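Notes to accompany the following structure.
Chains as they are written, first to last, in the working numbering: chain F, 1 to 328; chain V, 329 to 588.
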């Protein structure tokens, strides 16, 4: 049995679930296993309807307390399900939701956890997970000493099941409803309040046709003003990676990547950005990507259309002058 | 408020090439500089700011060999009150589960209101220890926190960072554990006086025996089979030449693609 947890927010199923269904079906058909999706929600039926052709069984637990994600409330429900049906592996998205829940759940069950994996191999008694380490500079294969295990899956690692290039399953899942019983003290320990958004500063980088994005490679904050000037000259807006936000050099709404914004401009110029997975996931769909980086092995060059290996602090002033000449 | 901060010493690999060593199970570490894990620095700063506002103490905990004292002394120099290093060959051989169990055992002997860890380590990137530790201690936790408010000394109101710039606001009862996201504050540098004072602050070392740990209970649940270099297929068409030539080619390209 393979189990996967369906993640939803404000009634919407998250894309990672459709990606995990692709993974689960791949393993299920090779290993002759069945897939059970678990839905915890205040309204399970619409979610179940959407996924029922992609799995064999669906377990629904419904209660108003399950409307929004909450580790402490999910925990007893999921623990009971895992203890009861003993799935070989339980897939959870490596998302803001999964990273909060999965280690807590695995640890309280004392079972192995493999996080942020981008590929899985399952044989009769062994689970092997592939993941990145050292910010994507190294890959590692990790196995689970025992089963059942919990695995969190990196977003974007698999195609969504409905647009998968493999055979799209046409199953008809049976639905089991389980009662919701929880110690009334738990909801008092940890309460969901509301969702919020990052404050905006007026410029919406998702609306800009041209983005000049900067990363750690710009070295110092004082180098930003020349880059901003250049951005203005070519009619673009300034965007950046997470470290630039953390350093406080640009406001949070300029961040591109999994914890920031997803952008699809006509032109994306990446300056001093090595191309961590988290950043690439937010910009890889840009029409044209130009990357300047001093490291020829930087992962950014795997998504860029044009690459320049060199010192951006030397190249940028020359480029800015050329643009000025051409415009004159 | 009694606060515990978990610190991890990691090799600084943000700007350096990383290679796999001859065992195929670790990276080549000879030339690497070791430092406090980035997110842990933000966790420590969070603790120091809370101590300044509400009083109390900050206790640092780290797992590792004697070298780790550098990270702990740095934390003491910044203003933490005492440090604990958990050291044993058995701990070194473990995985995240081992580390969480060892730290939980040490913390079970300490009075605390709040535990802070970084949200992710720059070496393994597992994001496991914080919530795993909270589960072992049976306290509520929240991961990837980027804002904290303390209400009446008994509750926390926190913002968690989700995907796409969405925040989740939630309330937790103390004692609790939070994993801290980078960027929540601006970590301080230690002062000269702080560095001098740190030398006199207590730094206790415990091994498995002293902690009274059941060896069987901390055995790893996973095995790192191998490390290898990822295959990066450069898709980019590289623009080459002198800086002058590059800038001309690049300008032409930018002009066309930006529609100038």
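Glycine included, every Cβ here is placed at the ideal spot set by N, Cα and C. The structure presented is a predicted model; accordingly, all values stated were derived computationally and were not measured.
Are residue i and residue j touching if we call contact CB-CB under 7 angstroms?
i, j, result
"residue 113/F", "residue 82/F", "no"
"residue 396/V", "residue 414/V", "no"
"residue 334/V", "residue 514/V", "no"
"residue 291/F", "residue 300/F", "yes"
"residue 6/F", "residue 35/F", "no"
"residue 44/F", "residue 173/F", "no"
"residue 61/F", "residue 40/F", "yes"
"residue 205/F", "residue 93/F", "no"
"residue 168/F", "residue 22/F", "no"
"residue 448/V", "residue 371/V", "no"
"residue 89/F", "residue 128/F", "no"
"residue 412/V", "residue 389/V", "yes"
"residue 428/V", "residue 461/V", "yes"
"residue 198/F", "residue 261/F", "no"
"residue 67/F", "residue 100/F", "no"
"residue 530/V", "residue 410/V", "yes"
Could you check where the beta strand (DSSP E) with residue i kicks off and where it finishes?
i, result
"residue 116/F", "113-122"
"residue 305/F", "From DSSP, residue 305/F is part of no beta strand (DSSP E); its letter is neither H nor E."
"residue 133/F", "127-133"
"residue 410/V", "410-414"
"residue 390/V", "385-391"
"residue 91/F", "89-93"
"residue 7/F", "Careful: residue 7/F lies outside any beta strand (DSSP E) and carries neither H nor E."
"residue 293/F", "288-293"
"residue 365/F", "Outside the modelled stretch of chain F, which goes from 1 to 328, sits residue 365/F, for which no answer is possible."
"residue 152/F", "149-153"
"residue 489/V", "483-489"
Chain V partners of residue i, CB-CB under 8 angstroms?
i, result
"residue 139/F", "555, 556, 557 and 558"
"residue 254/F", "Under the 8 angstroms cutoff, chain V gives no residues; its nearest Cβ is about 11 angstroms from residue 254/F."
"residue 116/F", "453, 454 and 455"
"residue 113/F", "424, 425, 456, 460, 549 and 550"
So which residues of chain V does residue i contact, with C-beta pairs closer than 7 angstroms?
i, result
"residue 246/F", "510 and 511"
"residue 41/F", "Simply none; closest approach about 16 angstroms."
"residue 72/F", "468"
"residue 182/F", "Neighbours of residue 182/F on chain V: none; closest Cβ ~14 angstroms, over 7 angstroms."
The alpha helix (DSSP H) that contains residue i, what's its start and end?
i, result
"residue 398/V", "397-406"
"residue 429/V", "424-435"
"residue 551/V", "No alpha helix (DSSP H) contains residue 551/V, which is instead part of the beta strand (DSSP E) from 550-556."
"residue 582/V", "571-586"
"residue 25/F", "15-31"
"residue 322/F", "312-327"
"residue 318/V", "What is shown of chain V runs 329 to 588, which leaves residue 318/V out entirely."
"residue 330/V", "Element bounds for residue 330/V: not the alpha helix (DSSP H) but the beta strand (DSSP E), 330-334."
Between which residues of its own chain and residue i is the CB-CB distance below 8 angstroms, once the five residues before and five after are set aside?
i, result
"residue 329/V", "378, 379, 382, 383, 384, 441, 442, 478 and 481"
"residue 459/V", "469, 471, 505 and 507"
"residue 328/F", "none"
"residue 145/F", "112"
"residue 556/V", "348 and 352"
"residue 52/F", "58, 171, 172, 173 and 175"
"residue 405/V", "518, 519, 522, 523, 525 and 526"
"residue 420/V", "392 and 393"
"residue 226/F", "316, 317 and 320"
Ordered along the chain, which non-local residues of its own chain (more than five positions away) have a Cβ less than 7 angstroms from that of residue i?
i, result
"residue 454/V", "424"
"residue 266/F", "209, 210, 287 and 288"
"residue 75/F", "104, 105 and 108"
"residue 234/F", "210 and 323"
"residue 228/F", "238"
"residue 311/F", "294"
Please go through the same chain and pick out, in chain order, the residues whose beta-carbon is closer than 6 angstroms to the beta-carbon of residue i, but skip the five residues on each side of it.
i, result
"residue 282/V", "Because chain V is modelled from 329 through 588, residue 282/V falls outside the range shown and cannot be assessed."
"residue 536/V", "416 and 418"
"residue 474/V", "487, 489, 509 and 512"
"residue 24/F", "2, 4 and 35"
"residue 203/F", "237"
Using a cut-off of 9 angstroms between C-beta atoms, extract the partners of residue i located in chain F.
i, result
"residue 472/V", "96, 99, 100 and 259"
"residue 566/V", "296, 301, 306, 307, 308 and 309"
"residue 340/V", "By Cβ distance, chain F contributes nothing, its closest Cβ being about 10 angstroms from residue 340/V, past 9 angstroms."
At a CB-CB cut-off below 8 angstroms, which residues of chain F make contact with residue i?
i, result
"residue 563/V", "301, 302, 303, 304 and 305"
"residue 336/V", "Those within 8 angstroms of residue 336/V in chain F number zero; the least Cβ separation is about 14 angstroms."
Below 9 angstroms on C-beta distance, what does residue i contact in chain V?
i, result
"residue 195/F", "490, 494, 495, 496 and 497"
"residue 143/F", "550, 551, 552 and 553"
Entirely enclosed beta strand (DSSP E) segments - the segment 169-235 of chain F, minimum 3 residues:
Segments of the beta strand (DSSP E) lying fully in the segment 169-235 of chain F: 174-178, 190-197 and 210-214.
Go through the segment 491-527 of chain V residue by residue and report every complete run of the beta strand (DSSP E) that reaches 3 residues or more, in order.
List check, beta strand (DSSP E) in window: 494-501 and 504-508.
Whole beta strand (DSSP E) runs in the segment 442-473 of chain V with 3 or more residues, listed along the chain?
Look at the segment 442-473 of chain V and you find these whole runs of beta strand (DSSP E), each 3 residues long or longer: 442-446.
Within the segment 231-268 of chain F, ranges of the alpha helix (DSSP H) (whole runs, at least 4 residues):
Taken in chain order, the complete alpha helix (DSSP H) segments of 4 or more residues contained in the segment 231-268 of chain F are 242-246.
At 3 residues or longer, what runs of the beta strand (DSSP E) sit wholly inside the segment 37-86 of chain F?
57-62
Report the start-end ranges of each alpha helix (DSSP H) in the segment 345-380 of chain V that is 4 residues or longer and not cut off at the edges.
Not a single unbroken stretch of the alpha helix (DSSP H) spanning 4 or more residues falls wholly within the segment 345-380 of chain V.
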